[in-house]
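Sequences listed follow chains A and B, in order.
Sequential numbering of the first sequence, starting at 0, is according to numbering that gives the first Met the number 0.
Sequential numbering of the second sequence, starting at 0, is according to numbering that gives the first Met the number 0.
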Amino acid sequence: MQPLTLGRLFLRCGMLLLILFVTVVIALKLGAVQVSLYGLGRDLIRVLLRQSSGLSTDYGMIVVDIRLPRILLAIVVGASLSVAGASFQALLRNPLADPFVLGVSSGAAVGSVLALIIENQLALSPAFAGLLTPLGAFLGAAITIAGVYVLGRRDGQIDSTTLLLGGVITASFLSAIIMFLMSTLAGGNLRGASYWLMGSLSTVPPGSLVYLLWIGFLIAAGVIYTTASDLNLLLSGEQEAMHLGVDVSRVRIVVYLAASILTGLAVSVSGTIAYVGLLVPHAMRMIFGTDHRMLLPASALGGAIALVMADTVARTVVAPSELSVGAVTAIVGAPFFIYLLRRRLP
Amino acid sequence: MSSPSRSPSGDQPRSGAEARLSVEQASYAYLPNPSQAPSFTLEALSFQAKPGEIVAILGPNASGKSTLLQLISGALEPLSGRVTLSGFATHSLAPKTRAQRIALVQQESRLLFPSRVWEFVLQGRHAHGSGVRFESEDDLTIVKNALAQVHAEHLIELWMDKISGGEKQRVILARALAQQPLLLLLDEPTLHLDIGAQVDLLDSLRRLAAENRYTVVVVTHELSLAGEYADQIVLMQKGKCLRVGPPASVYQRDLLEQVFQAPLSVEMTSSGRPRVTLLAKD
Numbered sequence: 000m001q002p003l004t005l006g007r008l009f010l011r012c013g014m015l016l017l018i019l020f021v022t023v024v025i026a027l028k029l030g031a032v033q034v035s036l037y038g039l040g041r042d043l044i045r046v047l048l049r050q051s052s053g054l055s056t057d058y059g060m061i062v063v064d065i066r067l068p069r070i071l072l073a074i075v076v077g078a079s080l081s082v083a084g085a086s087f088q089a090l091l092r093n094p095l096a097d098p099f100v101l102g103v104s105s106g107a108a109v110g111s112v113l114a115l116i117i118e119n120q121l122a123l124s125p126a127f128a129g130l131l132t133p134l135g136a137f138l139g140a141a142i143t144i145a146g147v148y149v150l151g152r153r154d155g156q157i158d159s160t161t162l163l164l165g166g167v168i169t170a171s172f173l174s175a176i177i178m179f180l181m182s183t184l185a186g187g188n189l190r191g192a193s194y195w196l197m198g199s200l201s202t203v204p205p206g207s208l209v210y211l212l213w214i215g216f217l218i219a220a221g222v223i224y225t226t227a228s229d230l231n232l233l234l235s236g237e238q239e240a241m242h243l244g245v246d247v248s249r250v251r252i253v254v255y256l257a258a259s260i261l262t263g264l265a266v267s268v269s270g271t272i273a274y275v276g277l278l279v280p281h282a283m284r285m286i287f288g289t290d291h292r293m294l295l296p297a298s299a300l301g302g303a304i305a306l307v308m309a310d311t312v313a314r315t316v317v318a319p320s321e322l323s324v325g326a327v328t329a330i331v332g333a334p335f336f337i338y339l340l341r342r343r344l345p
Numbered sequence: 000m001s002s003p004s005r006s007p008s009g010d011q012p013r014s015g016a017e018a019r020l021s022v023e024q025a026s027y028a029y030l031p032n033p034s035q036a037p038s039f040t041l042e043a044l045s046f047q048a049k050p051g052e053i054v055a056i057l058g059p060n061a062s063g064k065s066t067l068l069q070l071i072s073g074a075l076e077p078l079s080g081r082v083t084l085s086g087f088a089t090h091s092l093a094p095k096t097r098a099q100r101i102a103l104v105q106q107e108s109r110l111l112f113p114s115r116v117w118e119f120v121l122q123g124r125h126a127h128g129s130g131v132r133f134e135s136e137d138d139l140t141i142v143k144n145a146l147a148q149v150h151a152e153h154l155i156e157l158w159m160d161k162i163s164g165g166e167k168q169r170v171i172l173a174r175a176l177a178q179q180p181l182l183l184l185l186d187e188p189t190l191h192l193d194i195g196a197q198v199d200l201l202d203s204l205r206r207l208a209a210e211n212r213y214t215v216v217v218v219t220h221e222l223s224l225a226g227e228y229a230d231q232i233v234l235m236q237k238g239k240c241l242r243v244g245p246p247a248s249v250y251q252r253d254l255l256e257q258v259f260q261a262p263l264s265v266e267m268t269s270s271g272r273p274r275v276t277l278l279a280k281d
């Protein structure tokens, strides 16, 4: 008997944090412009000491002003998508649930595009307009998960096959809507269709939105974490969880909303990056087990590591051009999905 | 609702509440569509059970046994009448409070991801904590004791999907014991067990009810086992309660033959319990 203790939780998270740090350093070093590890270390320390003015070299500028913000964005997006995926998997009792597979990411993308169109039409001030996109993305995500949930219900029970099919069909329908909106209403700042359909971290949003992203992530992930013990019991089914003392309807609504916020925030700044929310929680489950008190923070850190890696690959393999990060995650994620499908579903 | 009945019962291990279950004219109807007639109706019925007592809800399939158990567990709200435990309506209790007082052992526990036996039994402690909690030494001791009570302590490190049906049923019972309930409900606990495992399980139940002063309610269609182990029988047929009473008074040949649609014989043993033998139809 080795139950999870606070000490063990911190130790494991510390190890993941260390891996994340190493990944970030490597990601900072790799790129179209060569950077020496020595210069990198020196500049990082200066940034940490808030002496940015002391940065003398050209690559210091590249590293701190271009690569670092992009990596920080990858961290928060990867963490958000993974925590959302782990939450959906527990709530829907479906190991294949993930924001992308369920169509929730596509819903958030449609919400973002609609918000951008409205911003263009109304010519809103940039500060206000910046808030409208994540709000639209959240609403898109929340409405989609509600719709897919209804689609997946049969005789009052969630049917996992119907749910997945409903999600996949919803995703393809919403992708078509994105294409339609792109070709009919495209305005100046809508970005390309491939951005929304495949995802990209190449456009780092303005500072205020990045703060919103981090605050939103910390609050939503924190709220989900308060239900970690409840999610453990929900794995045995809603009826059983209720008899063991879980307030099922409260947990369900709280976690759906929080996971929709996470998905919406991530998609509003990076488009639909596929399979992160599926792959990472599974990998973490294989390493750390199914206890959500461990799984949720592990997924957050693991998602950050995975997306920083994927984005580094995306911007280096065909340098000086770059791939969509969603293409990288899909190349790894789709075969993994097939593997899980063959293994889990009867 | 009302205040708990305070009785000076010395045999109750949990202070402040007597685990008396009271079903008073409780009825229920499944209404799949509000404009149509209910698809199933459970007619009003009443019975009471004391601490340490085993009640068997007995009847053929579709007699309303499981619906009655859901009413007692508080998962369903009675259409009329009420179900109270120690004076509190079971349906009105908050989920956590309810799980501290009522444990339900269902036919099958399906797990999405495999877990170890001790992790599974630890789930029973959920209702006794709040928010995100980390298990205390007490919790672990309670888990070990619960497994020991059902003679399953040797399974503690095994995976749930690697143990036999009988072992699994005992582990599920251990999880219910870890809840430290006043009322223990079991839905067809012997369904997938062979005869030896059935007797083991029911012997454990009788011992646990006596030792821990649980009130136990078992849903079953096992006529002979119910007659052997229950203190009270609630005999059900097609949503109606036909009889309530000790086995010796409920087990009448004509009545049972009519309810179960099978020829059988009933004889009284020296212990005062009825013994039922099924006869071949010819």
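For each residue, glycine too, the CB sits at the ideal point set by N, CA and C.
Residues near Met283(A) in its chain [Cβ-Cβ closer than 7 Å; skip 5 each side]: Locating residue 283(A) in the first sequence gives position 284, counting from the first residue. For Met283(A), where only same-chain residues beyond five positions count, the Cβ hits under 7 Å are Leu294, Ala297, Ser298, Gly301.
Minimum Cβ-Cβ distance from Gly195(B) to chain A less than 8 Å: On the second sequence, position 196 is the one that residue 195(B) refers to. Not an interface residue.
Three-way DSSP call (helix, strand, coil) for Ser235(A) in this model: By 1-based counting over the first sequence, the position of residue 235(A) is 236. Coil at Ser235(A), not helix or strand.
Nearest-angstrom beta carbon gap, Thr219(B) and Ala55(B) [assumed within contact, 8 Å]: Position 56 of the second sequence, counted from the first residue, corresponds to residue 55(B). Position 220 of the second sequence, counted from the first residue, corresponds to residue 219(B). Ala55(B) to Thr219(B), Cβ: 6 Å. Contact.
Beta-carbon spacing of Leu230(A), His291(A) below 8 Å: By one-based count along the first sequence, residue 230(A) stands at place 231. By one-based count along the first sequence, residue 291(A) stands at place 292. Yes.
Presumed contact (8 Å Cβ cut-off) between Val82(A) and Leu306(A), rounded CB distance: Here residue 82(A) refers to the residue found at position 83 when the first sequence is read from its first residue. Here residue 306(A) refers to the residue found at position 307 when the first sequence is read from its first residue. Actually they do not touch by this definition, with Cβ atoms about 12 Å apart.
Meets three-Cβ-pair contact criterion under 8 Å: the segment 216-231 of chain A and the segment 106-125 of chain A: no
Pro246(B) burial status per 10 Å Cβ neighbour count (16 or more: buried): Taking the first residue of the second sequence as position 1, residue 246(B) is located at position 247. Buried is the call here.
N- and C-terminal bounds of the beta strand (DSSP E) containing Gly244(B): As a first step, residue 244(B) is located in the second sequence; it is residue number 245 there, counting from the start. That run of the beta strand (DSSP E) goes 239-244.
Helix, strand or coil at Gly80(B) [DSSP, three-state]: As a position in the second sequence, residue 80(B) is number 81, starting the count at 1. It is a strand residue.
Those runs of the alpha helix (DSSP H) which lie wholly inside the segment 257-344 of chain A and span at least 4 residues: 275-287, 291-315, 324-343
CB of Gln231(B) within 8 Å of CB of Glu52(B), strictly: If you number the second sequence from 1, residue 231(B) lands on position 232. If you number the second sequence from 1, residue 52(B) lands on position 53. Yes.
Cβ neighbours of Ala141(A) in the same chain (closer than 7 Å, five flanking residues each side left out): The residue given as residue 141(A) occupies position 142 in the first sequence. Same-chain partners within the cutoff: Leu256, Ser259.
Residues from the segment 201-231 of chain A in contact with chain B, defined by Cβ distance under 9 Å: Tyr224, Thr225, Thr226, Ala227, Ser228, Asp229, Asn231
Selection of the segment 235-249 of chain A by Cβ proximity to chain B, strictly under 7 Å: Ser235, Gly236, Glu239, Met241, His242, Leu243, Gly244, Val245, Asp246
Reduced DSSP secondary structure (H/G/I, E/B, other) of Leu41(B): Along the second sequence, one-based indexing puts residue 41(B) at 42. If DSSP states are grouped into helix, strand and coil, Leu41(B) belongs with the strands.
Within chain A, the residues that Gly164(B) reaches when beta carbons sit closer than 8 Å: Within the second sequence, residue 164(B) is the residue found at index 165, counting from 1. Simply none; closest approach about 17 Å.
Separation of Tyr213(B) from Tyr27(B), as counted between CA atoms: Numbered from 1 along the second sequence, position 28 holds the residue referred to as residue 27(B). Numbered from 1 along the second sequence, position 214 holds the residue referred to as residue 213(B). If you take the alpha carbons of Tyr27(B) and Tyr213(B), they lie about 26 Å apart.
Leu184(B) versus Ser34(B), Phe133(B), Arg100(B), Gln260(B), residue with shortest Cα-Cα distance: Mapped onto the second sequence, residue 184(B) falls at position 185. Nearest of Ser34(B), Phe133(B), Arg100(B), Gln260(B) to Leu184(B), Cα basis: Arg100(B).
Chain B contact for Met0(A) (CB, 8 Å cutoff): As a first step, residue 0(A) must be located in the first sequence, where it is residue number 1. By this cut-off, Met0(A) is an interface position.
Residue closest to Ser38(B), alpha-carbon to alpha-carbon, out of Lys95(B), Ala61(B), Glu23(B), Ala48(B): In the second sequence, residue 38(B) corresponds to position 39, counting from 1. Per the Cα distances, Ala61(B).
Nearest-angstrom Cα separation, counted from Ser248(B) out to Leu308(B): With chain B covering only 0 through 281, there is no way to say anything about residue 308(B).
Beta-carbon neighbours of Pro94(B), restricted to chain A and to distances below 8 Å: For the purposes of this step, residue 94(B) is taken as residue 95 along the second sequence, with counting starting at 1. Here the neighbours are Met241, Gly244, Val245, Asp246, Val247.
Same chain, Cβ closer than 6 Å to Val103(A), five either side skipped, listed in chain order: Here residue 103(A) refers to the residue found at position 104 when the first sequence is read from its first residue. Excluding positions up to five away in sequence, the list reads Ala140, Thr143, Ile144, Thr262.
Within 7 Å of chain B by C-beta, residues of the segment 264-285 of chain A in sequence order: Arg284
Chain B contact for Thr160(A) (CB, 8 Å cutoff): The residue given as residue 160(A) occupies position 161 in the first sequence. By this cut-off, Thr160(A) is not an interface position.
Contact under 8 Å by Cβ, Val104(B) with Ile194(B): Residue numbering aside, residue 104(B) sits at position 105 when the second sequence is read from its first letter. Residue numbering aside, residue 194(B) sits at position 195 when the second sequence is read from its first letter. Not in contact: Val104(B) and Ile194(B) (Cβ atoms no closer than 8 Å).
Given 8 Å, three or more beta-carbon pairs between the segment 240-256 of chain A and the segment 59-75 of chain A: no
Chain A contacts made by the segment 209-239 of chain B, where a contact means CB separation under 7 Å: none
Leu10(A) at chain B interface by Cβ criterion, 8 Å: Position 11 of the first sequence, counting from 1, holds the residue named residue 10(A). Chain B contact via Cβ: absent.
Distance, Val120(B) Cα to Thr225(A) Cα: The count along the first sequence starts at 1 and reaches residue 225(A) at position 226. The count along the second sequence starts at 1 and reaches residue 120(B) at position 121. Rounded to whole angstroms, Thr225(A) to Val120(B) spans 21 Å at the Cα level.
Bridge-paired residues (DSSP) for Ser26(B): Position 27 of the second sequence, counted from the start, is the residue given in the question as residue 26(B). The partner list for Ser26(B) (beta bridge, DSSP) reads Ser79(B).
Range covered by the beta strand (DSSP E) that runs through Thr226(A): For the purposes of this step, residue 226(A) is identified with residue 227 of the first sequence, where counting begins at 1. Thr226(A) -> no beta strand (DSSP E), and no H or E assigned at all.
Touching by the beta-carbon criterion (3+ pairs, under 8 Å), the segment 87-101 of chain A and the segment 146-162 of chain A: yes
Cβ neighbour criterion (16 or more within 10 Å) applied to Phe46(B): For this step, residue 46(B) is matched to residue 47 along the second sequence. The residue is buried, with at least 16 neighbouring Cβ atoms inside 10 Å.
Local Cβ density within 10 Å of His125(B), reported as buried at 16 or more and exposed below that: In the second sequence, the residue the question calls residue 125(B) occupies position 126. That one is buried.
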